[in-house]
Amino acid sequence: MELFSEFIKNTGYYLVAADLRYLIMITVGILFCYLSIAKRYEPLLLLPIGFGVIIGNIPFFKGFGLGIYEDNSVLHYLYFGVTTGLYPSIVFLGLGAMTDFTSMLSRPKLMLLGAAAQMGIYFTLLSALALGFTPREAGSIAIIGGADGPTSIFLTAKLAPHLIGSVAIAAYSYMALIPIIQPPIMRLLTTEKERCIHMPEDDRVVSRKELLFFPIVGTLLCCFLAPASIPLLGPFFFGNLMKVSGVVDRLAKTASSSIIDTATIFLGFTVGASTQADYFLKPESLKIFFLGAVAFSIATASGVTFAKIMNLFLEKKINPLLGAAGVSAVPGSAREVHLVGQKADPSNYLLMHAMACNASGVIGSAICAGILWSFMM
Amino acid sequence: MELFSEFIKNTGYYLVAADLRYLIMITVGILFCYLSIAKRYEPLLLLPIGFGVIIGNIPFFKGFGLGIYEDNSVLHYLYFGVTTGLYPSIVFLGLGAMTDFTSMLSRPKLMLLGAAAQMGIYFTLLSALALGFTPREAGSIAIIGGADGPTSIFLTAKLAPHLIGSVAIAAYSYMALIPIIQPPIMRLLTTEKERCIHMPEDDRVVSRKELLFFPIVGTLLCCFLAPASIPLLGPFFFGNLMKVSGVVDRLAKTASSSIIDTATIFLGFTVGASTQADYFLKPESLKIFFLGAVAFSIATASGVTFAKIMNLFLEKKINPLLGAAGVSAVPGSAREVHLVGQKADPSNYLLMHAMACNASGVIGSAICAGILWSFMM
Amino acid sequence: MELFSEFIKNTGYYLVAADLRYLIMITVGILFCYLSIAKRYEPLLLLPIGFGVIIGNIPFFKGFGLGIYEDNSVLHYLYFGVTTGLYPSIVFLGLGAMTDFTSMLSRPKLMLLGAAAQMGIYFTLLSALALGFTPREAGSIAIIGGADGPTSIFLTAKLAPHLIGSVAIAAYSYMALIPIIQPPIMRLLTTEKERCIHMPEDDRVVSRKELLFFPIVGTLLCCFLAPASIPLLGPFFFGNLMKVSGVVDRLAKTASSSIIDTATIFLGFTVGASTQADYFLKPESLKIFFLGAVAFSIATASGVTFAKIMNLFLEKKINPLLGAAGVSAVPGSAREVHLVGQKADPSNYLLMHAMACNASGVIGSAICAGILWSFMM
Amino acid sequence: MPEMETIKGIEAITMHNGWAMAVTGAMIVITGLSVLSFIISKLHKVIAFLENKQKKTTEEPATKNSQPTLAEIFSDDPGETARNCQILTTELGNSFELCSLFSIFHRHNLPHPHITIRNLRSAGFLVPQKDGKFHWKSL
Amino acid sequence: MPEMETIKGIEAITMHNGWAMAVTGAMIVITGLSVLSFIISKLHKVIAFLENKQKKTTEEPATKNSQPTLAEIFSDDPGETARNCQILTTELGNSFELCSLFSIFHRHNLPHPHITIRNLRSAGFLVPQKDGKFHWKSL
Amino acid sequence: MPEMETIKGIEAITMHNGWAMAVTGAMIVITGLSVLSFIISKLHKVIAFLENKQKKTTEEPATKNSQPTLAEIFSDDPGETARNCQILTTELGNSFELCSLFSIFHRHNLPHPHITIRNLRSAGFLVPQKDGKFHWKSL
Ligand code: NA
Ligand code: NA
Ligand code: NA
């Protein structure tokens, strides 16, 4: 009988009564699952995270090797790939093997928009410092403005591991909410006439040699500039070289299927599980969420504004909506840019150009991660 | 010349002469390979284990970093996934992504049989204690009655790691021997008339929403009840949600192919290799084998008996053979139930119902693992 | 401003100016990429290594967790599979699942050539000792003569981890250069008449049972003889048994695709990255490169010579070119043998026989790795 | 491992609290699965109830909200349509089966998915592979 | 790494027992592969011998034992046959090629595998996929 | 985590050197991507230049060096051709699509790849699989 009552005291039902925060988090997890399945908001990210949130918030008796923050638990071992930065690096390997740089290589000017959209990062850095976060925490929060999940997780794992959950949840939430966040900002900052600017369609045929040179040139340039971005950009350009080389197709295929899928599953699941209520539900998390929204908005705004500034100097005007695609959030932001453009002028086709900005935004935020990391030495 | 004689003394030939137990184990390994290839008894499990047994019992010079129980050996690193419980968790992820709960959801009553068949576990627990095993060892041995390989390995890794080899070999051996163990017990406990009971074919169409709700409801219910089953049931229901959601097909496909295959290969191979004769060939192993046979038999018997008890209260009688499928051992026991049923009445079709019991048996034994683990805190 | 100059001092541009050796290595990396893509020299190996060399030689600020030799860096964790020998073992698992021993089983005599070609290993052992290397270093360098990348990396990881980069680069470079190294030696040591010897085409039909017995017999024989070769030959024969058994096709398929591809990518990439200039560019590396060339040449020569000696005793002469295929270097050396044979007599068809020697050469060099390792205890 | 002087038999069971463990354990698993079984048997009713409720509150916004915009981007020019489709189908990876494509179009409520696909094929934007799958022509 | 004052040349070889290592190593690998080569060359004879012996002792139980029962489960109703086949073929995974199915039927000594498969297809239980593989209709 | 008495606002930014970090960081990323953008825009010219230069120095050895020897190994006997092709195509793995085979033949400058493949098929050396891929007949 004693054993029975002991057991009852260790069930989740008993434990949750003592700490209702778990229920809040489980509701959040279910909401994420719902959004990913019913609304199809970035399901590859939201579903694993959502279910991870549920699993991570089932109350359990501590000190027993079950929780993600306890040594020797299965979740802890799987989480190792997050805290060391392994999963983000591996995801970037697969992303590289999936990314087609043709569009970007034929429109190099658009790369600048991918740089401009990173301003959200630095603005958020200042805001986070002003809100009282330490510099290392502020750097982790700022990177949410890069709108790139693995990059955010990687930098946070290096700078402020205790914030991984909050930063990841914020980053992925806002990436899923791109269709809600970006369009009003885009419309606010552009005139109807600007939104109607057509982009020239076929700038130039990109040769196979260019595609081959790019990952090597890109590695040398970006990684020399910010060596701390090696763990992200190294695998990224490696994956891309495997893809475009055409001589190691089986490796490229595995990298862009089994390898990235495996890393995605465990990354999402454990990041979700790391939101254990007693670690996660703190005022800081709310602040981070607030800052994340600021970061995304500023990033969008600065991309658009920069495009408008460029237009002052360019003869052939750029559609300033494209600036919003520089925040990466592949391919969500590209799609939004395209849709807003089409609303203004149904014959306007911005998708390929937006993808070019997207690709450059990924590189841009990885560089920023390297820069921020090296600042916090 | 000295070097040569030194080398000879370190060959397996020389070493095996000093300890013939290795030869016994190698014979067992070859037998497992034979059964899996020639008789096709659960080849996905028996072949890796069988070859692992061979590899693990090639005599070698100790203290050199070769054996599975020596730090720094390749086998030791691969075995890490067993001792930490990682492989079983990952296998459950894949199993979830492969399991179709439609059959079970349309016949909820049959779930009880999956619970009843777990009685073998508790009976074996008592027997193992009576034979002088410590409670933690007894718990590990008892779980063999769950007839679920990964579950057994997981619990043993947590409770009594020194028994992993014996428990795993016993569990998998008896799972392969299901066609020999179960039918006599089924026939002994049922009348010809009972075996002829037909089951209604189409109970109800299961909607997609039910399939979507089930993994979440199941997680909340089972994991709240026995939080220690999270490492098994968490990934299991996660895999299932990925499958039924239909929005992350590429992840579900990778989970149910590359990921589970990889875990299966290394799980089987290293569990086999962990049967190194000097660790394995002990009186305890024989006792464990004996208890394993008892566990399987009692599990089968209690499933069948419970079905007969249910029939006392039900208007629409259940075919009691289905109780035997509650031991899980997917899909072996379902097949046996079906075949015994068909022998009694060739027009009797029990397969889908037996699969429902199977699925519930998997959940049942994972819950039992959680219960036993939490008892041994 | 201070921050800016601090940042500049930490860029690769600034650091490389202080140590131009990085530029040398990056050039080597680019050369490897070029050879693999443009010349298609063993791209599955050279491309990952080449890009790894580039990544590993981007100068960075030490003590920050970026370099492969720094704890806690992503590269360091990925490199773990090299230093422990895990990647080579896993590659051998996949190789086994891809290797078809039919050709070798129907021509057992040719196995001897696979043994003879290992003489290059022992000759190099003596040379390396004479050049002042320690016995453990000499053993690692000698294994280059086995012409088998994973085997070389495995043994070096066990005996002299500080040489992994040099040994691996040497082994893979010469494997890529097989078409340049082997033909002159073959021609030098054989007469036109010998090169024209035809080999009987269909020696014997190999039954499925033979294919099934072989991996088990091979394991018992080779691993008993040299237990230290278990980590290579164990997975190798395991993979092969999975393949030929036909009962675990899904496992065999995963082993020969996702699993080996993943190990190949990370093995190549991290081995390449381990050539960090300040660790790699030393006089020893040059000596190792020199000894590697010697090893390959002697291995080729001894294979050919041994075949000629066998011919003294055989009634049905063997084409001595086949000896050169005993160095393994699958399938490059088999192709060279075939091409040189065809040059002498366009109707001569040596490919299948050369493949038999190849397969035996792989086993031979794994045994030699075991022997050398056990000598250095 | 049990030592020589281990207590055995009934005594051992009692000492280690075996009876309580067995009874409690058995009770818990049966209770657990019974409750799950009960909930499952009611699940479709709960879902039906939720659906009715939801239908009333969200039916209209749901149709207004997300997908139609995507249908709009389909133009008469097959080239543009192809590019639009390509972005809709990034989730499919590099190569895919026509039926997956069809189901995506269907999900997005695009008009005449069959005709669209046929047009894309005949215009060469959907390139058949030898294994029966298709990939997009590089644009 | 060798130090400056390292002994080199023949002396180094002798000191480190190099000659013995090289000779012994070479001998062992040649002996090993020779024995393996010899065994391989006799393997088919050993197998033939074992097969003959086994045939005498196990031929009858083998045919009695496992597979025929599976043949029995094939009924006239294609629906039932389909479900039976499905359980036989769990090893194939979700999608498979007809030839794998055929070889499983063949292995189980089922009568007329070709006809069975054709019936299953025409009855819609075997659903063709675009990639030439098939999956079972959900039952 | 920030303590209670944490400095906040502008003061905190200044104290932690925030302004410098933000300005420097922004400058670096914009400079970096601008340079990359510039290099990319010139890349095709660099490549064209390299190609011209390379053409002059390596055109002849390139054709002499590696592939033609492989073309030589194609004989009239389809059996031998099959085996030759098989070794050329180890990179394809066990099963492959005809188009991959074709591209390898093409890459090796073999004469009439289409005819060769057709001959190999009709002679049964290339065995079609159900999924549209092919494998080599075991030789
Ligand atoms: Na970005
Ligand atoms: Na069970
Ligand atoms: Na070799």
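Protein chains in written order, with this note's numbering: chain F, 1 to 377; chain Y, 1 to 377; chain S, 1 to 377; chain P, 1 to 139; chain X, 1 to 139; chain A, 1 to 139. Built from N, CA and C at the ideal position, the CB exists for glycine as well.
How about residue i and residue j: do their beta carbons lie closer than 8 Å?
i, j, result
"Ser34/P", "Leu112/Y", "yes"
"Ala329/Y", "Ile169/Y", "no"
"Met119/Y", "Ala26/P", "yes"
"Gly341/S", "Ala117/S", "no"
"Gly12/Y", "Ile58/Y", "yes"
"Ile121/Y", "Cys368/Y", "yes"
"Ala147/F", "Gly85/F", "no"
"Ser274/S", "Ile68/S", "yes"
"Ala130/F", "Ala142/F", "no"
With distances taken from CA atoms, which of the options is nearest residue i?
i, options, result
"Ile49/S", "Ser36/S, Arg250/S, Pro215/S, Ala307/S", "Ser36/S"
"Pro320/Y", "Met310/Y, Ala329/Y, Ser328/Y", "Met310/Y"
"Phe101/F", "Ser374/F, Ala359/F, Phe7/F, Ser365/F", "Ala359/F"
"Gly292/Y", "Ser140/Y, Thr305/Y, Phe237/Y", "Ser140/Y"
"Tyr22/Y", "Ile54/Y, Leu159/Y, Glu2/Y, Tyr34/Y", "Ile54/Y"
"Met175/Y", "Phe4/Y, Thr300/Y, Ile30/Y, Leu105/Y", "Thr300/Y"
"Gly165/F", "Thr83/F, Leu125/F, Lys308/F", "Thr83/F"
"Val74/Y", "Asp19/S, Phe80/S, His76/S", "Phe80/S"
"Tyr87/Y", "Phe290/Y, Thr270/Y, Lys316/Y", "Thr270/Y"
For chain X, check one thing: does any of its Cβ atoms lie closer than 8 Å to the Cβ of residue i?
i, result
"Phe4/Y", "yes"
"Gln118/S", "yes"
Below 6 Å CB to CB, which residues in the same chain sit around residue i once its five sequence neighbours on both sides are set aside?
i, result
"Gly370/S", "Ala226, Ala228, Ser229"
"Leu149/A", "Residue 149/A is absent from the model: chain A starts at 1 and stops at 139."
"Ala378/S", "Because chain S is modelled from 1 through 377, residue 378/S falls outside the range shown and cannot be assessed."
"Ala366/F", "Thr151, Ser229, Leu232, Leu233"
"Pro68/P", "With a pLDDT of 30 at Pro68/P, under the threshold of 50, the predicted position of this residue should be treated as unreliable, though the coordinate-derived value follows. Excluding positions up to five away in sequence, the list is empty."
With a threshold of 8 Å between beta-carbons, can residue i be considered close to chain F, or not?
i, result
"Ser66/A", "Note that Ser66/A has pLDDT 32, beneath the 50 cutoff, so the model's placement of it is unreliable and the number below is only indicative. Judged by the 8 Å Cβ criterion, Ser66/A is not in contact with chain F."
"Lys53/A", "no"
"Ala12/P", "no"
Mind checking if residue i is an interface residue toward chain Y, Cβ cutoff 8 Å exclusive?
i, result
"Ser95/P", "no"
"Lys133/P", "no"
"Phe48/X", "In the sequence on display, residue 48/X carries Ala and not Phe. Chain Y, which has no Cβ nearer than 8 Å to the Cβ of Ala48/X, makes this no."
"Met21/X", "yes"
"Ile28/X", "yes"
"Arg335/F", "no"
Does residue i come within less than 8 Å of chain S when only Cβ atoms are used?
i, result
"Thr24/A", "yes"
Give every residue of the same chain whose Cβ lies closer than 8 Å to the Cβ of residue i, excluding the five residues on either side of it in the sequence, and list them in chain order.
i, result
"Ile260/F", "Ile90, Val91, Leu93, Gly94, Leu95, Ala97, Met98"
"Ile24/Y", "Ala277, Leu281"
Under the assumption that residue i contacts residue j (Cβ atoms under 8 Å), give the Cβ distance between them as a whole number of angstroms.
i, j, result
"Ser257/Y", "Thr254/S", "7 Å"
"Met186/S", "Val304/S", "6 Å"
"Ser207/S", "His16/X", "Not confirmed; about 47 Å, so no contact."
With a CB to CB cut of under 7 Å and the five nearest residues on each side skipped, what residues in its chain are close to residue i?
i, result
"Phe238/F", "Leu93, Gly96"
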